[in-house]
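S.K.: Sharing a structure with you now.
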Amino acid sequence: MPETIYDIAIIGSGPAGYTAAIRAGQYGLKTALIEKDNVLGGTCLHVGCIPTKALLFNAEIWDRLKDAKEFGIDGVDSRKLNWGAVQERKSKIVAKHTKGLDFLMKKNKVEVVRGYGKLTGPAKDGVFVVDVKAGDGKATQLRVKNVILSTGSEARMIPGLEPDAQILTNIEILDIGQIPKSLVIVGAGAVGVEFASIFRSFDTKVTILEMLPRLVPVEDEDVSKELARVYRKRGIEFFTGAKVEKVEKSKAGVTVTFSVDGKPQKIEAEKILIAVGRKPRTENVGLEKTRIQPDRGFIKTDEWMQTAEPGVYAIGDVVASTPQLAHVATMEGMIAVAHMAGKPAVPINKNRIPGCTYTEPGIGSVGLTEAQARAQGYQVKIGRFPFAGNSRATILGKHEGFVKVVADEKIGEILGVHIIGPEAFELIAEAVTAMSAEATVETMMQTIHAHPTLHEAVGEAFNAVYNLSINA
Ligand SMILES: Cc1cc2nc3c(=O)[nH]c(=O)nc-3n(C[C@H](O)[C@H](O)[C@H](O)COP(=O)(O)OP(=O)(O)OC[C@H]3O[C@@H](n4cnc5c(N)ncnc54)[C@H](O)[C@@H]3O)c2cc1C
177 MPETIYDIAI IGSGPAGYTA AIRAGQYGLK TALIEKDNVL GGTCLHVGCI PTKALLFNAE
237 IWDRLKDAKE FGIDGVDSRK LNWGAVQERK SKIVAKHTKG LDFLMKKNKV EVVRGYGKLT
297 GPAKDGVFVV DVKAGDGKAT QLRVKNVILS TGSEARMIPG LEPDAQILTN IEILDIGQIP
357 KSLVIVGAGA VGVEFASIFR SFDTKVTILE MLPRLVPVED EDVSKELARV YRKRGIEFFT
417 GAKVEKVEKS KAGVTVTFSV DGKPQKIEAE KILIAVGRKP RTENVGLEKT RIQPDRGFIK
477 TDEWMQTAEP GVYAIGDVVA STPQLAHVAT MEGMIAVAHM AGKPAVPINK NRIPGCTYTE
537 PGIGSVGLTE AQARAQGYQV KIGRFPFAGN SRATILGKHE GFVKVVADEK IGEILGVHII
597 GPEAFELIAE AVTAMSAEAT VETMMQTIHA HPTLHEAVGE AFNAVYNLSI NA
């Protein structure tokens with residue numbers, strides 16, 4: 177029997193890889209999806225987006241019950257948190273979607289190959305050979321016309337530290353047997369502040385240490401300020417401009433020495449979470465035998481996700497120039513496969529990528545921050561509307577935060593939208609659509625927003641660009 181030659185082999189089954197595989201199947205391409213772990217779904221499904229958001233939802237319900245009396249619900253004072261059940265619900269959600277992925281692979285005729293995938297070098301006569309080593313040591317080789325690298329990323333550690341029962345990354349913290357009494361979190365990016373929000377809701381004493389001058393440093397400065405204000409109110413302690421010098425094991429758990437403005441300080445905690453960014457997984461996948469030269473581990477691609485090696489694409493967290501987000505990974509998967517299959521595709525516009533942080537309060541943003549817009553020479557006009565003026569927010573009892581529109585004064589171009597407050601991560605979709613459709617501030621002012629909804633606050637913020645908001 178002639179050996180199978182696949183149209184595509186995809187190495188890694190996170191959101192980037194599984195989306196590429198499904199799309200390739202939809203296009204009728206003969207597709208192999210190689211995964212080293214026992215389950216499909218990668219970081220996002222197993223130790224990232226999904227389990228964290230499951231826990232954040234439990235935290236939200238728990239917080240809501242703290243205000244039960246205000247909502248006219250008596251008798252919940254004696255409530256107890258069953259952490260085991262919380263964890264079980266999280267695992268069930270992950271399991272359901274893992275099963276869903278297995279189903280989708282079958283539905284789209286994707287062949288799942290279990291094992292560690294590695295490129296053996298450039299294509300010969302248009303065919304690549306990919307080595308696959310299964311967990312039991314059994315080795316196979318796949319012959320393929322195109323390769324997609326979607327091997328994802330892993331938590332960066334502070335040099336000298338190894339994860340264990342006290343020193344945690346996103347993997348260990350999602351599996352802890354009980355809620356820690358105290359937790360130090362190094363890093364105030366999305367991952368750090370989300371875990372801070374979860375554990376503070378469950379009464380952990382949380383301290384965040386961030387090296388940069390503010391929390392959520394990639395967000396608009398006003399968003400960082402508002403998050404800092406609400407976190408202070410929630411009893412979350414944080415130090416910005418803080419450099420971690422030493423982490424030592426102690427009787428209590430860990431002692432963390434850090435300095436702010438050169439002044440050393442110490443804190444004791446039961447556990448420490450290291451959330452200082454994600455390292456692309458590009459070692460030991462055979463790149464050295466190709467023309468791909470990683471840049472600090474990341475792979476450079478063109479707008480169609482092609483690497484320097486003809487026939488090899490890279491998508492997701494390994495890519496050099498796009499943010500490490502699941503929705504970016506999935507879009508990159510679709511673009512790469514469309515390009516390979518000669519189907520229509522549009523490259524990613526980096527200014528139209530939503531960034532969401534599912535904390536309490538939530539954050540959603542797209543486009544330029546005010547500072548970035550000014551630095552790029554725009555004549556900036558700002559429209560801002562507080563959730564305090566929104567009736568749906570009052571009904572929900574969630575008045576923190578605002579919607580901020582960054583616009584170009586001359587032509588009313590929407591340059592960026594930054595939301596902090598209730599359901600900010602859902603609300604931002606309207607701004608992303610508006611910017612993708614190149615709607616102007618005027619178009620959004622003329623758009624009817626249903627009443628009473630949180631979306632009205634978005635409409636009001638667009639009106640506020642011309643000082644015309646109604647309810648503030
Ligand atoms: C705690 C946390 C929360 C997050 N929350 C969000 C969020 O809410 N929203 C969001 O957009 N993003 C979030 N992210 C980021 C998101 O998880 C990543 O951007 C996304 O998972 C990247 O997808 P990927 O497919 O590139 O890589 P991954 O999801 O990392 O998947 C890579 C896969 O490749 C496999 N693999 C690696 N090497 C090989 C090999 N040689 N052979 C075979 N298989 C291999 C791995 O086992 C893995 O299954 C979060 C991340 C973390 C850590």
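Convert by adding 176 to the 1-based position in the sequence shown; the result is the number in the numbering used here. Where a beta carbon is used, it is the ideal one built from N, C-alpha and C, also for glycine.
Going by beta-carbon coordinates alone, are I334 and V420 separated by less than 8 Å?
M.R.: Contact flag set, yes.
S.K.: If you measure from the CB of Q263, is any heavy atom of ligand 1 nearer than 7 Å?
M.R.: Result no, Cβ not under 7 Å from ligand 1.
S.K.: Can Y489 and Q500 be called in contact, C-beta distance under 8 Å?
M.R.: Their beta carbons are not under 8 Å apart, which means Y489 does not touch Q500 by this criterion.
S.K.: Look up F474 in the DSSP assignment and say whether it is helix, strand or coil.
M.R.: Strand.
S.K.: If you draw a straight line from the C-alpha of A610 to the C-alpha of T616, how long is it?
M.R.: Going by the C-alpha atoms only, they are around 8 Å apart.
S.K.: Using only the heavy atoms of ligand 3, determine whether one of them is closer than 7 Å to the beta carbon of T619.
M.R.: As presented, the structure is devoid of ligand 3, carrying ligand 1 as its sole ligands.
S.K.: How long is the line joining the alpha carbons of S541 and T219, rounded to whole angstroms?
M.R.: Taking the straight line from one Cα to the other gives about 23 Å.
S.K.: Can you look up F414 in the DSSP assignment and give me helix, strand or coil?
M.R.: It is a strand residue.
S.K.: Over what stretch of residues does the beta strand (DSSP E) that includes T506 continue unbroken?
M.R.: First-last for T506: 502-517, but that is the alpha helix (DSSP H), not the beta strand (DSSP E).
S.K.: If you draw a straight line from the alpha carbon of L696 to that of A640, how long is it in whole angstroms?
M.R.: Absent from the structure is residue 696, since the part of the chain shown begins at 177 and ends at 648.
S.K.: By DSSP, does T431 sit in helix, in strand, or in coil?
M.R.: Three-state DSSP puts T431 in a strand.
S.K.: Taking K427 as the reference, which of T433, A445, P456 has the closest Cα?
M.R.: The candidate whose alpha carbon is nearest that of K427 is A445.
S.K.: May I ask you to check if the CB of N346 is nearer than 7 Å to at least one heavy atom of ligand 1?
M.R.: Yes, the beta carbon of N346 sits closer than 7 Å to at least one heavy atom of ligand 1.
S.K.: Flag this pair as yes or no: are the beta carbons of G201 and N284 separated by less than 8 Å?
M.R.: The answer is yes: Cβ separation under 8 Å.
S.K.: From what residue to what residue does the alpha helix (DSSP H) around A648 run?
M.R.: Here A648 belongs to no alpha helix (DSSP H), and DSSP marks it neither H nor E.
S.K.: Tell me whether Q500, by its Cβ, gets closer than 7 Å to a heavy atom of ligand 1.
M.R.: Yes.
S.K.: Can you list, in chain order, the residues of its chain with a C-beta nearer than 7 Å to that of S189? Leave out the 5 residues immediately preceding and following it.
M.R.: Within the same chain, S189 has close Cβ partners L209, E211, L216, G217, G218.
S.K.: Between N525, E536, D584, G538, which lies nearest to R550 when the distance is taken from Cα to Cα?
M.R.: R550 has its Cα closest to that of D584, out of N525, E536, D584, G538.
S.K.: Is E486 helix, strand or coil by DSSP?
M.R.: Before going on, a small fix: residue 486 reads as Pro here, not Glu. Residue state, collapsed to three classes: coil.
S.K.: For R199 versus G509, is the C-beta spacing smaller than 8 Å?
M.R.: Yes, the pair counts as a contact, with Cβ atoms nearer than the cut-off.
S.K.: Could you check where the beta strand (DSSP E) with V617 kicks off and where it finishes?
M.R.: Premise fails: V617 lies in the alpha helix (DSSP H), 617-621, not in any beta strand (DSSP E).
S.K.: Going by beta-carbon coordinates alone, are L280 and A517 separated by less than 8 Å?
M.R.: Their beta carbons are not under 8 Å apart, which means L280 does not touch A517 by this criterion.
S.K.: DSSP state of E179, grouped into three classes?
M.R.: Three-state result, E179: coil.
S.K.: Quick one: is G336 buried, meaning 16 or more other Cβ sit within 10 Å of its Cβ, or exposed?
M.R.: So G336 counts as exposed.
S.K.: Return the residue from the list V582, L403, V522 that minimises the CA-CA distance to E370.
M.R.: For E370, the nearest C-alpha among the options comes from L403.
S.K.: What are the start and end residues of the alpha helix (DSSP H) that includes V303?
M.R.: Element bounds for V303: n/a, residue is neither H nor E.
S.K.: Could you give the distance in angstroms between the alpha-carbon of L449 and the alpha-carbon of G353?
M.R.: Roughly 15 Å between the two C-alpha positions.
S.K.: Leaving out the 5 sequence neighbours to the left and right, which residues in its chain are closer than 6 Å to T506 when beta-carbon positions are compared?
M.R.: Only P191, T195 meet the Cβ criterion.
S.K.: If you draw a straight line from the C-alpha of P339 to the C-alpha of A637, how long is it?
M.R.: Going from the Cα of P339 to the Cα of A637 covers about 44 Å.
S.K.: Within 7 Å: the Cβ of D213 and any heavy atom of ligand 1?
M.R.: Yes, the Cβ of D213 comes within 7 Å of a heavy atom of ligand 1.
S.K.: Using CA coordinates, which residue listed in N647, N525, A600 is at the minimum distance from G565?
M.R.: That would be N647, whose Cα lies nearest to the Cα of G565.
S.K.: Could you tell me whether any non-hydrogen atom of ligand 1 is closer than 7 Å to the CB of A600?
M.R.: Checking every heavy atom of ligand 1 against the Cβ of A600, none is found closer than 7 Å.
S.K.: Give me the Cβ distance between T316 and V308, rounded to the nearest whole Å; I'm assuming they're in contact under 8 Å.
M.R.: 5 Å between Cβ atoms; contact.
S.K.: Touching or not, the region 360-368 and the region 384-399, by the rule of three or more beta carbon pairs under 8 Å?
M.R.: The answer is yes - the region 384-399 touches the region 360-368, with three or more Cβ pairs under 8 Å.
S.K.: Using DSSP with H/G/I as helix, E/B as strand and the rest coil, what is D138?
M.R.: Past the boundaries of the shown model lies residue 138; the chain is included only from 177 to 648, so the question cannot be answered.
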